[in-house]
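Trainee: Would you mind keeping the following structure in view while I ask a few things?
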Amino acid sequence: ATKVAFHDEL
Amino acid sequence: MNIFRLVADLLHLASIVILLIKMYATNSCSGISFKTQVLYLAVFIARYLDVFWHFVSVYNTFMKVFFIATASGVVWAMLGPLKDSRSKSLDTFRWEFIVAPSALLAIIFHDRFTVTEIFWSFSVFLEAVAILPQLHLLQQSGEAETITTHYLAALGGYRALYLVNWIYRYFTEGYVDVIAWCAGLVQTALYCDFFYVYFTRVLQGRRFALP
Chain S
1 ATKVAFHDEL
Chain R
11 MNIFRLVADL LHLASIVILL IKMYATNSCS GISFKTQVLY LAVFIARYLD VFWHFVSVYN
71 TFMKVFFIAT ASGVVWAMLG PLKDSRSKSL DTFRWEFIVA PSALLAIIFH DRFTVTEIFW
131 SFSVFLEAVA ILPQLHLLQQ SGEAETITTH YLAALGGYRA LYLVNWIYRY FTEGYVDVIA
191 WCAGLVQTAL YCDFFYVYFT RVLQGRRFAL P
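Protein chains in written order, with this note's numbering: chain S, 1 to 10; chain R, 11 to 221.
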């Protein structure tokens, strides 16, 4: 599993 | 973007529109917790001020601006023109008891030890519990206007769909965000009692009243 590099959700 | 997240965001947007309609149509903010609204404004400012230096998409930017602007408008209205209709005597939840632990948790749990990341964590933890003053007010009064319950239902629905979105994203893109997941789980769980009454009474055409 990966963690996205930045917060793309609101 | 997937359908669960999109509908969740639109429900969040709808909840604020419902709140604005309630305040505008009745010229009153009775039954709405001022504390919860101030906490949401704090949540949005702590999380969305990155709109100035962090571009994700037009959609993302629009939503951030919308949430900060409308939350500011709601707080402004409750401080000014609608001040006298506030349910002050029922809005007695001690906000310190949720802001301080949220700040502490943010200092302990964050992705990176930077100001913006700690603010992001703080906003996520605070959002999870920011509804508590509102639920407390509801419990104190024992009843609510139907439009207020629709506002809360849209807010709760938004959170519930985010859980579905995370399950979907985990399996489709391996997306993991433990901080948001834990906070989101707590946030959604807080709506369980409310949803029970909402589904068994309001959606059956009856008044929202606690037993």
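Every residue, glycine too, gets a C-beta built ideally from N, C-alpha and C.
(1) Roughly how many angstroms lie between the CA atoms of residue 213(R) and residue 75(R), to the nearest whole one?
(2) Starting from residue 12(R), find everything on chain S with Cβ-Cβ shorter than 8 angstroms and list it in chain order.
(3) With 16 as the cutoff for other CB atoms within 10 Å, does residue 167(R) come out buried or exposed?
(4) Should residue 72(R) go down as buried or exposed, given a rule of 16 or more other Cβ atoms within 10 Å for buried?
(5) Find the residues of chain S that neighbour residue 66(R), judging by a C-beta separation of less than 7 angstroms, and give them in chain order.
(6) How about the region 130-138 of chain R and the region 51-65 of chain R: do they share at least three Cβ pairs that are nearer than 8 angstroms?
(7) What are the uninterrupted segments assigned as alpha helix (DSSP H) that are 4 or more residues long and contained completely in the region 160-209 of chain R, given in chain order?
(8) Between residue 63(R) and chain S, is any beta-carbon pair separated by less than 8 angstroms?
(9) With C-beta atoms as the reference, is residue 103(R) less than 8 angstroms away from residue 116(R)?
(10) Report the start-end ranges of each alpha helix (DSSP H) in the region 23-93 of chain R that is 4 residues or longer and not cut off at the edges.
(11) Name, going along the chain, the residues of the region 107-130 of chain R whose beta-carbon falls closer than 7 angstroms to a beta-carbon of chain C.
(12) Can you tell me the Cα-Cα spacing of residue 79(R) and residue 178(R), whole angstroms?
(13) Roughly how far, in whole angstroms, is the beta-carbon of residue 25(R) from the beta-carbon of residue 97(R), given that I think they are within contact range, below 8 angstroms?
(14) Chain S partners of residue 19(R), CB-CB under 8 angstroms?
(15) With respect to the alpha helix (DSSP H) encompassing residue 139(R), which residues constitute its N-terminal and C-terminal limits?
(16) Identify the contact partners of residue 15(R) in chain S, using a Cβ-Cβ distance below 8 angstroms as the criterion.
Mentor: Looking at the atomic coordinates:
(1) 32 angstroms
(2) Taking a Cβ-Cβ threshold of 8 angstroms, none of the residues of chain S is close to residue 12(R); the smallest such distance is about 11 angstroms.
(3) Counting Cβ neighbours within 10 Å, residue 167(R) comes out buried, since at least 16 surround it.
(4) exposed
(5) What residue 66(R) touches in chain S: 8.
(6) yes
(7) 188-199
(8) Output row for residue 63(R): interface = no.
(9) no
(10) 44-58, 68-89
(11) Absent from the structure: chain C. Protein chains present are S and R.
(12) 30 angstroms
(13) Residue 25(R) to residue 97(R), Cβ: 19 angstroms. No contact.
(14) 10
(15) That run of the alpha helix (DSSP H) goes 125-139.
(16) 9
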